[in-house]
Amino acid sequence: MSHEPAVSDSSGDPSKEGTGISWGSFARNAALIVVLLVMLWLFFNVELPPADQLQQRLESYGWVSWLVFIGLYAVVALTPIPVTIMAVAGGLIFGVVLGSLFSVIGVLIGSWGAYWLARALGTDAVRKVLGKYSEKIEARLDGAGFEAVCTLRLVPGIPYWPVNYGSGAFGITQRDFLGASVIAVIPGQVSLVALGAFVADPTVLNGAVVVLSWIVVLVMTVWAYKRWKAARQ
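For the sequence shown, the numbering used here begins at 16 and goes up steadily by one.
And the structure:
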């Protein structure tokens with residue numbers, strides 16, 4: 016009587032069975048803990064110096080001060096530290112034109128990095144990172160990505176970092192995120208940089224740039240809000 020060779024059942028192989036540990040979830044949870052700890056430490060322990068002191072420190076780097084400024088701005092944009100002081104310092108050090116250029120580049124690099132960090136962490140993890148901002152940001156991003164990012168970038172009182180992380184976690188496409196960010200970040204950054212430039216050199220021209228840039232911010236805020244409401248409806 017012939018015997019057929021026994022067929023090994025791979026499903027019974029302990030090495031191929033689930034071990035009860037989801038390494039993907041474990042890695043995300045570990046990354047979440049690290050991000051939360053870093054965020055908390057930065058929020059409670061790191062405070063940017065006043066704009067004039069920041070100006071002195073950056074100018075000490077000589078001709079590479081603009082690279083240091085962009086890099087520092089990008090790091091700040093990744094964290095809950097307010098970006099306002101960086102933009103004002105940009106105006107103090109580099110003037111309106113170069114200060115605006117370097118500020119926009121720095122904040123966009125940091126915002127883009129936060130967007131991809133949020134996509135890597137996942138939605139649940141980012142909800143925990145955002146804390147009190149989570150429900151507000153998620154509700155406003157729903158159904159109108161481009162318009163929502165524009166509006167949230169322009170509305171006073173809403174920091175950049177929850178918009179960055181929320182956009183990555185709650186399904187905003189990279190195209191919408193970057194496009195809306197570029198459109199909305201430029202007038203906001205110019206208005207803050209212009210303040211710094213006016214403090215450093217209170218000329219009529221710098222004063223006019225301050226007034227005009229803030230008018231543009233207000234007009235664009237109303238425009239973005241109307242577009243956002245229409246898109247949601």
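For glycine and all other residues, C-beta sits at the position ideal for the given N, C-alpha and C. Note that this is a predicted model, so its numbers are computed, not measured.
Could you tell me which uninterrupted alpha helix (DSSP H) segments, each at least 4 residues in length, are contained entirely in the stretch 122-158, listed from first to last along the chain?
-> Counting whole runs of 4 or more residues, the stretch 122-158 contains the alpha helix (DSSP H) stretches 138-145, 149-156.
Measure from the alpha carbon of phenylalanine 185 to the alpha carbon of each residue in Gly137, Ala209, Val79, then state which is nearest.
-> Just measuring C-alpha positions, the residue of Gly137, Ala209, Val79 sitting nearest phenylalanine 185 is Gly137.
Thinking just about the alpha-carbon of each residue, which of Gln68, Ile96, Val98, Leu113 is nearest to the one in alanine 212?
-> Closest in C-alpha terms to alanine 212, from the list Gln68, Ile96, Val98, Leu113, comes Leu113.
Buried versus exposed call for phenylalanine 59 [16 or more other C-beta atoms within 10 Å across all chains shown] | Because the pLDDT of phenylalanine 59 is 47, which lies under 50, any placement of that residue in the model is unreliable, and the number read from its coordinates should be weighed accordingly. The residue is exposed, with fewer than 16 neighbouring Cβ atoms inside 10 Å.
Is the beta carbon of tyrosine 180 sitting closer than 7 Å to the one on valine 141?
-> Yes, Cβ-Cβ distance for tyrosine 180 and valine 141 is below 7 Å.
In the DSSP assignment, find the alpha helix (DSSP H) that holds proline 177 and state where it starts and stops.
-> Boundaries of the alpha helix (DSSP H) harbouring proline 177: 175-184, taken from the DSSP string.
According to the neighbour-count rule (16 or more other Cβ atoms, all chains shown, within 10 Å of its Cβ), is glycine 160 buried or exposed?
-> A residue is called buried when at least 16 other Cβ atoms come within 10 angstroms of its Cβ; glycine 160 meets this threshold and is buried.
Which whole runs of the alpha helix (DSSP H) in the stretch 77-109 are 4 residues long or more, in chain order?
-> Here the runs fully enclosed are 80-92.
Glutamine 71 burial status per 10 Å Cβ neighbour count (16 or more: buried) | Result: exposed.
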